[in-house]
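One structure is given below, encoded as structure tokens.
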Amino acid sequence: MESRPDILCIGSVLWDVIGRTPRSMAVGHDVPGRITRVPGGVAMNIAMALCREGMRPSLLTVLGRDAPGQELASAAKALGMDTAHVTWSEDLPTDQYMAIEAENGLIAAVADAHSLERAGDAILAPLIDGRLGSAERPHSGIVAVDGNLTEDLLSRIADSPLFAQADLRIAPASPGKAGRLLPLLRHPAGTLYVNRIEAGLICDDRFPSARHAAEALVARGARRALVTDGAAPMAEASAAGVLTAVPPQVVVTRVTGAGDTFMAAHIAAEARGLTGIFALERALGVTAAYISETE
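Each residue of the sequence shown is one higher than the one before, starting from 56 at the first, in the numbering used here.
Have a look at this one:
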């Protein structure tokens with residue numbers, strides 16, 4: 056019998072098709088570069104980063120019974136993930152994501168996560184039927200949730216007894232979906248991981264720094280909020296106060312998955328017993344290595 060997973064990753068698991076160029080781009084530009092197809096999606100990115108940190112995540116998501124879905128499941132198993140609780144669909148295709156990255160950052164992206172949205176709460180069945188928990192004995196471990204879930208489902212997760220004892224770690228799917236996370240601010244054991252722009256969208260405000268953004272999220276009800284701001288100082292806020300940390304300065308070669316990598320590295324650091332600034336600095340170091348790595 057396989058061991059119990061260290062963490063549940065609930066959300067999008069899909070194929071990332073990424074075009075990258077070392078040149079600066081604007082709308083309409085046609086430049087040489089490289090195109091890759093790799094496993095992605097917020098839940099998958101977090102799970103992959105957790106595997107690199109020596110943890111064993113379990114995926115709660117939906118995959119189509121198509122060739123891309125079978126290939127994704129095989130890739131996840133090869134990386135060390137538990138896929139026993141994946142929901143398989145006969146009629147929904149496996150989701151995908153397409154992005155263009157250039158020297159001047161992310162130019163454009165399209166996320167096709169319609170299958171995950173249509174699957175709804177079916178992906179939570181293992182938390183109900185006793186495999187990972189039940190209403191009588193709710194799961195009490197770490198649970199990472201991503202904003203690709205529908206706003207209705209995220210709201211139900213915030214109030215559901217199935218998650219009442221969970222250490223909930225929350226990530227947006229993109230700035231455009233950051234507002235979906237608002238209901239999760241009321242979870243009594245939630246930790247929110249966002250960037251400064253996403254924090255502004257959640258709070259319907261603009262913040263001059265990560266510190267201001269983190270403080271505002273806590274004021275809105277978040278138990279704990281971690282806010283990154285690119286190369287500028289990041290902040291962690293809670294009722295205990297505010298911590299700030301400066302990311303290492305590196306040459307950025309990729310940005311897709313950076314926030315997910317930071318979240319996973321921070322979770323892993325705390326799982327190892329690191330706290331406060333030590334956990335933040337560990338996570339920032341791991342993220343710096345990721346975004347400066349040549350693929």
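Cβ atoms here follow ideal geometry from the backbone N, Cα and C, with glycine treated the same way.
Could you check the C-alpha separation between residue i and residue j for me, to the nearest Å?
i, j, result
"Val-117", "Ala-174", "7 Å"
"Ala-277", "Lys-132", "34 Å"
"Ala-280", "Ala-221", "17 Å"
"Phe-333", "Pro-303", "14 Å"
"Gly-234", "Ser-144", "28 Å"
"Ala-338", "Val-305", "15 Å"
"Leu-69", "Tyr-345", "20 Å"
"Val-86", "Ala-122", "31 Å"
"Ala-128", "Thr-138", "7 Å"
"Ala-157", "Arg-78", "6 Å"
"Ser-229", "Glu-253", "8 Å"
"Ala-81", "Gln-125", "36 Å"
"Gly-185", "Tyr-248", "29 Å"
"Leu-134", "Cys-106", "7 Å"
"Ala-323", "Leu-147", "33 Å"
"Ala-104", "Ala-130", "14 Å"
"Ile-73", "His-169", "19 Å"
"Ala-163", "Pro-288", "25 Å"
"Asp-214", "Ala-294", "21 Å"
Kindly list the residues whose CB is nearer than 6 Å to the CB of residue i, restricted to its own chain and excluding five residues on each side of it in sequence; keep chain order.
i, result
"Asp-71", "Val-93, Gly-95, Tyr-152"
"Ala-190", "Pro-216"
"Asp-284", "Arg-251, Ala-265"
"Cys-64", "Ala-98, Ile-101, Ala-102, Pro-112, Leu-114, Ala-199"
"Arg-75", "Gly-88, Arg-89, Glu-156"
Check residue i in the structure and name its three-state DSSP category.
i, result
"Arg-192", "coil"
"Val-113", "A small fix is needed here, since residue 113 is Ser in this sequence, not Val. Three-state result, Ser-113: strand."
"Asp-207", "helix"
"Leu-63", "strand"
"Glu-348", "coil"
Do residue i and residue j have their C-beta atoms closer together than 8 Å?
i, j, result
"Asn-203", "Val-310", "no"
"Gly-328", "Leu-298", "no"
"His-140", "Leu-115", "yes"
"Thr-342", "Ala-300", "no"
"Leu-161", "Ser-67", "no"
"Ala-326", "Met-136", "no"
"Thr-91", "Gly-119", "no"
"Thr-316", "Glu-348", "no"
"Gly-196", "Ile-62", "yes"
Leaving out five residues on either side along the sequence, give the residues of the same chain with a beta carbon under 7 Å from the beta carbon of residue i.
i, result
"Gly-340", "Pro-303"
"Cys-52", "Within the shown structure, residues of the chain are numbered from 56 to 350, placing residue 52 beyond reach of any answer."
"Gly-188", "Leu-182, His-194, Leu-217"
"Phe-262", "Arg-251, Ala-254, Gly-255, Ala-268, Ala-271"
Closer than 8 Å by C-beta to residue i: which residues in its own chain qualify, once you throw out the five before and the five after it? Chain order, please.
i, result
"Leu-209", "Val-200, Gly-202, Arg-235, Leu-236, Pro-238, Leu-239"
"Val-165", "Tyr-152, Met-153, Ala-154"
"Arg-176", "According to the sequence provided, residue 176 is Asp. The question's Arg does not apply to it. Result list for Asp-176: Leu-208, Arg-211, in chain order."
Let me know the alpha helix (DSSP H) ranges lying completely inside the segment 277 to 346, each 4 residues or longer, listed in chain order. 313 to 326, 331 to 346
Can you check the segment 211 to 266 for any alpha helix (DSSP H) of at least 4 residues that lies completely inside it and give the ranges in chain order? 251 to 258
In chain order, which continuous runs of the alpha helix (DSSP H) of length 4 or greater are located wholly inside the segment 68 to 140? 97 to 107, 122 to 134
Which ranges does the beta strand (DSSP E) cover as unbroken runs of at least 3 residues, wholly within the segment 136 to 181, from first to last along the chain? 142 to 144, 151 to 157, 160 to 167
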